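> The structure's right below; bear with me while I get my questions together.
Numbering (the numbering used here), first residue to last: 10 to 164.
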């Protein structure tokens with residue numbers, strides 16, 4: 010939907026000005042708009058995007074959420090909850106963040122197990138007693154799931 014900006018209306022920000030004010034890239038602004046995390050911009054008669062000042066707060070909220078490791082869907086959920094009330098619901102945010110803490114703890118465990126397997130393989134390589142095929146055999150795998158191999162991931 011195209012909405013023309015009328016003379017005398019509240020100043021709007023260009024995509025570049027918004028990106029600069031929020032501390033993100035222009036591509037990120039467009040991405041968040043495409044993903045529905047940022048409401049669609051109004052358009053000038055020349056079809057240039059123009060955003061309200063409130064978009065800076067929204068993008069700052071998104072940027073902070075990303076720095077906390079939240080997934081886009083989690084950020085959307087929190088942002089939507091905050092949009093409907095004057096104060097963001099702390100209980101909802103706390104529950105969501107506790108869930109992320111549990112995810113991080115699980116990932117740390119997986120990474121520690123991966124580190125242990127790598128140390129084991131390096132130790133065996135240093136001894137020059139096994140062929141590479143033997144080194145990467147079933148005892149290295151030990152049925153462990155590697156981080157990022159896709160199994161059991163929700164990202």
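Each residue gets a CB set at the ideal place from its N, CA and C atoms; glycine is no exception.
Please read all numbers here as calculations on a predicted model, not as lab measurements.
For the alpha helix (DSSP H) that contains residue 75, what are its first and last residues?
The residue given as residue 75 occupies position 66 in the chain shown. First-last of the alpha helix (DSSP H) with residue 75: 63-76.
> Could you tell me the alpha carbon to alpha carbon distance between residue 54 and residue 21, rounded to whole angstroms?
To locate residue 54, count along the chain shown from 1; it is residue 45. To locate residue 21, count along the chain shown from 1; it is residue 12. So the alpha carbons of these two residues sit roughly 14 Å apart.
> How would you write the range of the alpha helix (DSSP H) that residue 35 sits in, first residue to last?
Here residue 35 refers to the residue found at position 26 of the chain shown. 35-43 is the extent of the alpha helix (DSSP H) around residue 35.
> Please determine if the region 23-41 and the region 56-76 are in contact, where contact requires at least 3 C-beta pairs separated by less than 8 Å.
Output reads yes: the region 56-76 touches the region 23-41.
> At which residues does the alpha helix (DSSP H) containing residue 92 begin and terminate?
In the chain shown, residue 92 corresponds to position 83, counting from 1. Taken as a continuous stretch (DSSP letters only), the alpha helix (DSSP H) holding residue 92 covers 81-92.
> Please return the same chain residues whose Cβ sits closer than 7 Å to the Cβ of residue 44, not counting the five positions on each side in sequence.
On the chain shown, position 35 is the one that residue 44 refers to. Excluding positions up to five away in sequence, the list reads 81.
> Could you check what DSSP says for residue 124 in three-state terms: helix, strand or coil?
Walking along the chain shown from the start, residue 124 turns up at place 115. Three-state DSSP puts residue 124 in a helix.
> Indicate the three-state DSSP secondary structure (helix, strand or coil) for residue 59 in the structure shown.
In the chain shown, counting from the first residue as 1, residue 59 sits at position 50. Here residue 59 sits in strand by DSSP.
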